[in-house]
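Colleague:
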Amino acid sequence: ETGVTQSPTHLIKTRGQQVTLRCSSQSGHNTVSWYQQALGQGPQFIFQYYREEENGRGNFPPRFSGLQFPNYSSELNVNALELDDSALYLCASSLAPGQGYSPLHFGNGTRLTVT
Amino acid sequence: DQQVKQNSPSLSVQEGRISILNCDYTNSMFDYFLWYKKYPAEGPTFLISISSIKDKNEDGRFTVFLNKSAKHLSLHIVPSQPGDSAVYFCAASATNYGQNFVFGPGTRLSVLP
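Structure, rendered in structure tokens:
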């Protein structure tokens, strides 16, 4: 069973730039969620993708956007980076919504630093 | 307004003893709960879950208890091992909200040899 993989592991960007983070879901999972974890806090829900469409969104501005591809992999894009965007970005895969209770399985995250 | 709270930022326990990690929630719509542990430089690892139709779920050394009336859940680890030293997060979701989990701020567990 292949787990969730994320790339890159670390990234340094300058304020105002744009960034793309990538995620491959665990085999058998067709739903991908993205979370932001700031230092000393729990992960915070950004959005979820199912069937290549956004299926729920947390309290994040539109400059946070995503994609899901037919092979269930996903991208998180952040435009106009701000210093407060510095965080660990976690991707999690799970079974489809409505298929009963399904825990999230996380990758190791991408550590983004905005200077 | 924190919907999921873990009021103990840290906990120290002797090896072999029981570790009890607590979590409180405010949203009565939450009906599915997860516990994760996280080591530095790794993603959260799923430990155990419980749905609101149960009040207890066991998996090896890990047991989760749910008290719906008190909106409280706890994770028991018996016996505690040094490898259990990590940050533990509880997370909650409501079926009607899809799989959007709300996480607590975490409790750092240190198991002392």
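Chains as they are written, first to last, in our numbering: chain Y, 3 to 117; chain C, 183 to 295. Even glycine gets a Cβ: it sits at the ideal position worked out from N, Cα and C.
(1) Among Y:Ala40, Y:Trp36, Y:Gln28, Y:Lys15, whose alpha-carbon lies nearest the alpha-carbon of Glu77 (chain Y)?
(2) Would you tell me roughly how many angstroms separate the C-alpha atoms of Phe62 (chain Y) and His31 (chain Y), rounded to the nearest one?
(3) For the segment 4–24 of chain Y against the segment 84–96 of chain Y, are there 3 or more C-beta pairs whose distance is under 8 Å?
(4) With a Cβ-Cβ cutoff of 8 Å, do Leu257 (chain C) and Leu203 (chain C) count as a contact?
(5) With 8 Å set as the bound, which would you pick, yes or no: does the beta-carbon of Ser67 (chain Y) sit closer than that to a beta-carbon of chain C?
(6) Measuring only from the beta carbon, is Trp36 (chain Y) closer than 7 Å to any heavy atom that is part of the ligand NAD?
(7) By the 10 Å Cβ neighbour count, where 16 or more other Cβ atoms means buried, how is Pro71 (chain Y) classified, buried or exposed?
(8) Once the 5 residues before and after Asn81 (chain Y) are set aside, which same chain residues still bring their CB inside 7 Å of it?
(9) Would Ser275 (chain C) pass as a contact of Tyr214 (chain C) if the rule is Cβ separation under 8 Å?
(10) In chain order, what residues of the same chain have a beta carbon less than 7 Å from the beta carbon of Gly58 (chain Y), not counting five sequence neighbours either side?
(11) In the structure shown, what three-state DSSP assignment does Gly58 (chain Y) receive?
(12) Starting from Phe62 (chain Y), find everything on chain C with Cβ-Cβ shorter than 9 Å and list it in chain order.
Modeller: Let's see:
(1) Y:Trp36
(2) 25 Å
(3) yes
(4) Yes.
(5) Cβ-Cβ to chain C under 8 Å: no for Ser67 (chain Y).
(6) As for the ligand NAD, it is missing from this structure, which has no ligand bound.
(7) Per the sequence shown, the amino acid found at residue 71 (chain Y) is Phe instead of Pro. Phe71 (chain Y) should be labelled exposed.
(8) Gln20, Arg65
(9) yes
(10) Phe49, Gln50
(11) strand
(12) The premise fails here: Phe62 (chain Y) is roughly 12 Å from chain C at the closest Cβ pair, so nothing lies under 9 Å.
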